[in-house]
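Going down the list, the sequences are from chains A and B.
When you line the first sequence up against our numbering, it's residues 423 to 646, in that order.
When you line the second sequence up against our numbering, it's residues 37 to 875, in that order.
Yeah, the Cβ is synthetic: ideal placement off N, Cα and C, and Gly gets one too.
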Amino acid sequence: MTAMIEATNLCKTFKLGTVDVEVLKDIDLTINSGEFASIMGPSGSGKSTLLYLIGGLDKPTTGSIKIKGKELSVMKDKEESVMRRRDIGFVFQFYNLIPNLNVEENIMLPILLDGRKMKDYKDKLEEILEEVGLTERRHHTPRELSGGQQQRVAIARALINEPDIILADEPIGNLDSKTGTDVMKLLQRINIKKGKTIVQVTHSKEAAEYGTRTINVRDGRICE
Amino acid sequence: MNIIIKFLLKNIKEKKLRTALILFSITISAALFFASSATTDSMVKMYTDQIKKFYGESEIIIEAKDTAPSRYFNPTLPQEYKSHLQYSVGLFSGTGIYKYKRSGAKDENVSINLRGIDWKDQQIISKVTLASEFEVDPFQGKKIVISKKTADKYGLEIGKTLELMIEGTKYKFLISGIAQMTGPFTDDGRSHFAIVPMEILSSIYDQKGNVSTIYIKTLNSVEKQWIIKGLTASMKKQHVRETISQSDLQEQTGGVTVALSMALVLVLFMSVFIIYTSFKVITTERLPVIGTFRSIGATRKVTDFVLLGESVAYGVIGGLLGSGLGIGILYLIAKATTPTWDPGYKTSVQFTSAQLITSFLMAVILSLLSSLIPILKVSRIPVKEIVLNKIEKNQKGSKIWKPILGIIFLLAAFFVPPVAKGDPGILMDTVCTLLSIAAVILLLPYLVRGFVAVFERLYIYIFGNEGVLAVKNLRNNKNLLNNVSLLAIGISSLLMINTVTRSSVTEIINYFDTCMKYQMFFWVPEMDKSYEPILKAVDGIKGAKGFYSANGIEVKGTDKKIDSLESANKDFYMDYIDITLDGSKEATLKKLEQLENERSIIITGVVRNKLGVKEGDSITLKMPAGDRTYKIIAIWDSMMMGGNYAAIAEKYLKQDMQSKYYSYFAIKSDKNPEELLLFLKDKFARNLANGQTMKEIKDMVVESNSQIFNVMNAFSVITILIGVFGVLNNLIISFIERKRSLAVFRSVGMNKKQIVKMIFIESMTGGLIGGIVGVAAGLIMINIMKHMLTQVIATIPMNYSITMLTISATIGVIIMVTASISPAMKSSKLNIIESIKYE
Ligand SMILES: Nc1ncnc2c1ncn2[C@@H]1O[C@H](COP(=O)(O)OP(=O)(O)O)[C@@H](O)[C@H]1O
Ligand SMILES: [Mg+2]
């Protein structure tokens, strides 16, 4: 088993005016390749913050994060961006699609940003559209889609570049339970069939059960 | 009610930049509106002031007619009018030559215009302030008051004598006064002026008791016209006229007024667009709250009232600021239009409180009208739809009437101006200018779609994937449409005004450089054919021909005048003036020959338009010999003598104008004209020679025109400035709206450089589209202006180069790219998480 994500002595403090709010306190966490981990905990406990730090969307106050053995804090913006598009796929609670791009274009974003040609990924796109069940909707814009469909576009976008890691922040938090189940099943399939390492933040016990491991966060500390 | 107003005030304060933008455009509009309406008044005042320096408060001036046997006449006025006058003052004009001895150089003959007048009479018409005096009182005998300029230039001192040659005899005058450069001594930059006692001058000329001019002020100015009529009837050999006539004023200010209103129209259009689009945003923003207010019982009237109140508030504040700024701008325009070649003109501003109030009201109405449509639209939406957030669907479908209307406007802009004639034609052309911009704005969504499709294909090769993404971001982008509109309006105005003004200057220069085939005008009083061989004998003179000319000839049955009527002698006219009629030299010569056969006339296009006549028509001119009818045999498209020009055969001009002498000699020379003119002036000083080189006239005309052109260009720069401000505002709004999208780009792996690149490609593309559309609109407007100028002045070939068009389009790119520097930097420094989270 190789460690995909290694966080050691991770601390994060936010300045709220003059007050320092310690959101994450000395976190140590290792997630291995092929794991499907669910981070759980009460609202405001720092789950999203942890996930964003892992994805390099924010910097820790102290401590280190290694992704596939590489230290994040020493990376330049360029390297970090490359890592985000090649090694990590993000899925957010509110989908976060680009409104003026259609389904296909949204999915292809990481490819485009990587300076590759869309047409070289035709087959790949077909396959992923099939996988998430949006072949028919490929030319629609996000606002013409339902929440579940938008979330599936977001997942497809996270998958297109074949990253090893998928980070999902409450992926079904905004969906009804039927759609939620579909999305969870999709993530599980990706974890099992493709062997992707998945870390999700979730509130629901059921959602956590699709995973292989649960990490509980309380008051900025991990209590597994 | 209170809470709604509080909410609005809070909103206004929050959107500082937008509030500033709206206020800025209203303020500028009000200011320019005020300035251009008051400019005419100020110019009138300036012109009147200038004239008053010489005439004082005099309203009527009487001089001998050109045809009279002598310049001098008996000043006795018919008894019946005397009791109606406040004063009537006679004066006696003459000329003296002062030989200025320069050590080591040739003597210079300085000609001094002498005014013979009683000292107290002079003080009645216009006050003379003396810098120093010596026995000036009593003002009798051979005393002279010279100007400070004359004294300084030739080292003349008070109490010394000044020797003048008058009528061939030398006289010694006592310099008993040196006058400040005010009143009649106001410097005209060219000549010297001095006052001597009336009696002494008239007796030197052997005209004791006679005068050359009478100045009159009436007791009751209402009677002015009646008095002029009466005096004209009884004084057959004299010309009785107003010192300042309405048509003179018109002539002085007409061009400026037309130019300013045209420029103003463009600025106003820009403002209307900015206010309209801002209010579209404002009403959509306020929609949810308005819905809430209405759902809890506020009537439609109340919410309408509040929105309208906001727009009125902008209008009131903008109107107040604008009135203040307007006075400043008025002063600047006045400064720019003050003739600098004549130091007698003093910059002065003139406006009425009515004009201030009108501008203020204009600001309020401008704001109200521009915001009315968006406000009414919102007002019509049922509360239920607002609360349920259903409106978006209503606005989605693009309306078919927009492109259709756009195309109709465009066609009108193309096809109406060529057929629009006369005064209504000018109005129609102005409307067409507006229609062409309106058409551009209506058709813009379709144009932009086309551009985007093209760029999408190109950019993959030029800029790679970031280019493709940038173009995709521009699809159906309202913000882009706004920016492109703003740029297009600004750039088209700039291009149009710049082209028109430059072409006009070029045309003027061209006229002097090519149309006039001689280098100077030269005249002395009572010149006849005998001067021709004398002049030709002068070294450096290649040719000299006498021309007869008359000014301000009234056309019977109209209130129009022909400014300049000249003799066209078929034997040499074409050698001196480059004229082509009906396309060929032969045809032109034929026409000139035709002039001799019967009373016929060649008029310029300007005169044709002014009189509304065509070739083959006849016009009757009021001439000293009586009313004479001339047949129009040719129309000449030329800026000759400013455009208001006509030519008739020499023999008819002599007969009908009763002219005995040439008005001037046209002189061809291969020597430096300035030197030659100096030489001639000196040589013929005894004969009171005078002249002007073509270059002097050209410089003066170019300068007087370039000043008003500068003002117009300033207007177009202001239009662009408002546009830039609008673009900046839009980009900031767009940045705020896009923060989330930008954070998403970052989260899926876009690096900082890529973000900056993408944003710059977007703005560059937007700028390019704005530039191209602006240039296209500008070309349409230039075409309209060409037709309009043909109506007002003359056919002026519009010259614009590819370079100029490219620069104009590039201005769009530069504006957009510069304006997006700050958003681009902010985007790259964006905190991803903060922007991605829903608050
Ligand atoms: N950018 C920020 N600035 C200040 N405080 C923040 C910021 N982001 C998160 N927080 C605070 O950190 C705590 C944890 O937030 P988060 O990680 O979003 O919690 P959750 O576990 O609900 O995902 C919260 O108290 C939140 O207010
Ligand atoms: Mg969270």
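Chain-order list of residues whose beta-carbon lies under 6 Å from that of B/T249 (same chain, five-residue window excluded): By one-based count along the second sequence, residue 249 of chain B stands at place 213. Take B/T249, set aside five residues on each side of it, and the residues of its chain with a beta-carbon closer than 6 Å to its own are E99 and L127, in chain order.
key: Three-state secondary structure (DSSP) of B/T594   = As a position in the second sequence, residue 594 of chain B is number 558, starting the count at 1. Here B/T594 carries a coil assignment [DSSP, helix/strand/coil].
At what residues does the alpha helix (DSSP H) containing B/I838 begin and finish?
Counting from one through the second sequence, the residue named residue 838 of chain B turns up at place 802. I838 to A855 is the extent of the alpha helix (DSSP H) around B/I838.
In this structure, how does DSSP classify B/G461 when only helix, strand and coil are distinguished?
In the second sequence, the residue the question calls residue 461 of chain B occupies position 425. Helix.
Does the beta-carbon of A/A621 have 16 or more other beta-carbons within 10 angstroms, so that it is buried, or is it exposed? In the first sequence, residue 621 of chain A corresponds to position 199, counting from 1. Strictly speaking, residue 621 of chain A in this sequence is Val, with Ala absent from that position. When all chains shown are included, A/V621 counts as buried.
Legend entry - Contact with chain B by A/R402, beta-carbon distance below 7 Å: In this structure chain A extends from 423 to 646, so residue 402 of chain A is not present and cannot be described.
Runs of alpha helix (DSSP H) lying entirely within the region 562 to 629 of chain A, each at least 4 residues, in chain order: Here the runs fully enclosed are 569 to 581 and 599 to 615.
What residues of chain A sit near B/L505, judged by a beta carbon separation below 7 Å? Along the second sequence, one-based indexing puts residue 505 of chain B at 469. Within chain A, the residues placing a beta-carbon under 7 Å from that of B/L505 are L534, ordered along the chain.
Next item on the list: Check the C-beta distance from B/I791 over to B/L778 and give it rounded, since I have them as a contact under 8 Å.
Entry: Locating residue 791 of chain B in the second sequence gives position 755, where the first residue counts as 1. Locating residue 778 of chain B in the second sequence gives position 742, where the first residue counts as 1. 6 Å between Cβ atoms; contact.
Determine whether the Cβ of A/P482 lies closer than 7 Å to any Cβ atom of chain B. Residue mapping note: residue 482 of chain A aligns to position 60 of the first sequence, counting from 1. Closer than 7 Å to the CB of A/P482 there is not a single CB belonging to chain B.
Comparing alpha-carbon positions, which option in B/E171, B/T186 and B/N680 lies nearest B/K179?
As a first step, residue 179 of chain B must be located in the second sequence, where it is residue number 143. Of the candidates B/E171, B/T186 and B/N680, the one whose C-alpha sits nearest the C-alpha of B/K179 is B/E171.
Worksheet item: Terminal residues of the continuous beta strand (DSSP E) containing A/R508?
Response: Numbered from 1 along the first sequence, position 86 holds the residue referred to as residue 508 of chain A. Where A/R508 is concerned, there is no enclosing beta strand (DSSP E), although the alpha helix (DSSP H) it sits in stretches over D499 to R508.
* To do: State the CB to CB distance for the pair B/I214 and B/L198, rounded to an integer number of angstroms; the pair is presumed to be in contact (CB under 8 Å).
  => Here residue 214 of chain B refers to the residue found at position 178 when the second sequence is read from its first residue. Here residue 198 of chain B refers to the residue found at position 162 when the second sequence is read from its first residue. 11 Å between Cβ atoms; not a contact.
For the beta strand (DSSP E) holding A/V443, just list the boundary residues, first then last. Here residue 443 of chain A refers to the residue found at position 21 when the first sequence is read from its first residue. Following the DSSP letters along the chain, one finds A/V443 inside the beta strand (DSSP E) bounded by residues V441 to N454.
Contacting residues, own chain, Cβ-Cβ under 8 Å from B/N835 (five flanking each side not counted)
In the second sequence, the residue the question calls residue 835 of chain B occupies position 799. For B/N835, where only same-chain residues beyond five positions count, the Cβ hits under 8 Å are T535, R538, S539 and T542.
Item to complete: Thinking A/F512 and B/S783 are a contact (beta carbons under 8 Å), I'd like their distance in whole angstroms, please.
Response: As a working mapping, residue 512 of chain A is identified with position 90 in the first sequence. As a working mapping, residue 783 of chain B is identified with position 747 in the second sequence. Between B/S783 and A/F512 the Cβ distance is about 5 Å, and since that is below 8 Å, they are a contact.
Within its chain, find whatever has a CB closer than 8 Å to the CB of B/K49; leave out the 5 residues flanking it on each side and keep chain order. Locating residue 49 of chain B in the second sequence gives position 13, counting from the first residue. The residues are T55.
_Residue-chain proximity (A/S495, chain B), Cβ-Cβ < 7 Å_ = Indexing the first sequence from 1 puts residue 495 of chain A at position 73. No, because no Cβ of chain B sits closer than 7 Å to the Cβ of A/S495.
- Message: In the DSSP output, what is B/D663 paired with across the bridge?
- Response: One-based indexing of the second sequence puts residue 663 of chain B at position 627. Paired residues: B/K658.
Checklist entry - Within 10 angstroms of its Cβ, does B/Q176 collect 16 or more other Cβ (buried), or is it exposed? => result For the purposes of this step, residue 176 of chain B is identified with residue 140 of the second sequence, where counting begins at 1. With fewer than 16 other beta carbons inside 10 angstroms of its own, B/Q176 counts as exposed.
Taking A/Y474 as the query, report the chain B residues whose CB atoms sit under 7 Å from its CB, ordered along the chain.
Taking the first sequence and counting its residues from 1, one reaches residue 474 of chain A at position 52. Within 7 Å Cβ-Cβ: I869.
Problem - Unbroken alpha helix (DSSP H) run spanning B/G582, endpoints - result: Numbered from 1 along the second sequence, position 546 holds the residue referred to as residue 582 of chain B. DSSP places B/G582 outside any alpha helix (DSSP H); the residue lies instead in the beta strand (DSSP E), whose first and last residues are I577 to F583.
Compare the C-beta of B/K429 against all C-beta atoms of chain A and say whether one is closer than 7 Å. On the second sequence, residue 429 of chain B is found 393 positions in, with the first residue counted as 1. For B/K429, the predicted model reports a pLDDT of 46, less than 50, meaning its position is unreliable and no value from the coordinates is stated.
Closest by C-alpha distance to A/I612, when choosing among A/D641, A/V554 and A/K544:
For the purposes of this step, residue 612 of chain A is identified with residue 190 of the first sequence, where counting begins at 1. Selected option, being the one with the closest Cα: A/V554.
Margin query: According to DSSP, A/S460 sits in a beta bridge with which residue or residues?
Written below: Residue mapping note: residue 460 of chain A aligns to position 38 of the first sequence, counting from 1. Under DSSP, A/S460 shares a beta bridge with A/Q622 and A/T636.
Margin query: Against chain A, which members of the region 509 to 538 of chain B pass a CB distance test of less than 9 Å?
Written below: Residues N509, L510, R511, N512 and N513.
Would you mind sorting B/E651 into buried or exposed? The rule is 16 or more other CB atoms within 10 Å of its CB. Your numbering for residue 651 of chain B matches position 615 in the second sequence. By the 10 Å Cβ count, B/E651 comes out exposed.
Report task. Give the range of the alpha helix (DSSP H) segment to which B/S72 is assigned. Result -> The sequence position of residue 72 of chain B within the second sequence is 36, counting from 1. It spans K52 to Y91 - the alpha helix (DSSP H) in which B/S72 sits, taken as one unbroken run.
Min CB distance B/G785 to chain A below 7 Å: For the purposes of this step, residue 785 of chain B is taken as the residue at position 749 of the second sequence. It does: the Cβ of B/G785 has a partner Cβ on chain A nearer than 7 Å.
Residues within the region 474 to 504 of chain B neighbouring chain A, beta-carbon criterion of under 9 Å: Against chain A - using a Cβ distance shorter than 9 Å - the residues of the region 474 to 504 of chain B are I496, G500, N501, E502 and V504.
So, using beta-carbon positions, are A/V525 and A/R560 closer together than 7 Å? Numbered from 1 along the first sequence, position 103 holds the residue referred to as residue 525 of chain A. Numbered from 1 along the first sequence, position 138 holds the residue referred to as residue 560 of chain A. Inclusion of A/V525 and A/R560 in the CB contact set at 7 Å is warranted, their separation being smaller than that value.
query = In this structure, does DSSP put B/Q431 in helix, strand or coil?
reply = Sequence index remark: in the second sequence, residue 431 of chain B carries index 395 (1-based). Note that B/Q431 scores a pLDDT of 49, beneath 50, so its modelled location is shaky and nothing firm can be said.
task: Determine the DSSP secondary structure at B/T218, reduced to helix, strand or coil.
output: Stepping through the second sequence from its first residue, residue 218 of chain B is reached at position 182. Reduced to three states, the DSSP call for B/T218 is coil.
Whole-angstrom distance between B/S603 and B/I655, CA atom to CA atom: Along the second sequence, read from residue 1 onward, the residue named residue 655 of chain B stands at position 619. Along the second sequence, read from residue 1 onward, the residue named residue 603 of chain B stands at position 567. B/S603 has its alpha-carbon roughly 17 Å from the corresponding atom of B/I655.
Own chain partners of B/E193 with C-beta closer than 8 Å, once the 5 adjacent residues on each side are dropped:
For this step, residue 193 of chain B is matched to residue 157 along the second sequence. Once the five neighbours on either side are set aside, the close Cβ partners of B/E193 are A187 and I211.
In chain order, which alpha helix (DSSP H) runs of at least 4 residues are fully inside the region 723 to 790 of chain B? Segments of the alpha helix (DSSP H) lying fully in the region 723 to 790 of chain B: 730 to 783.
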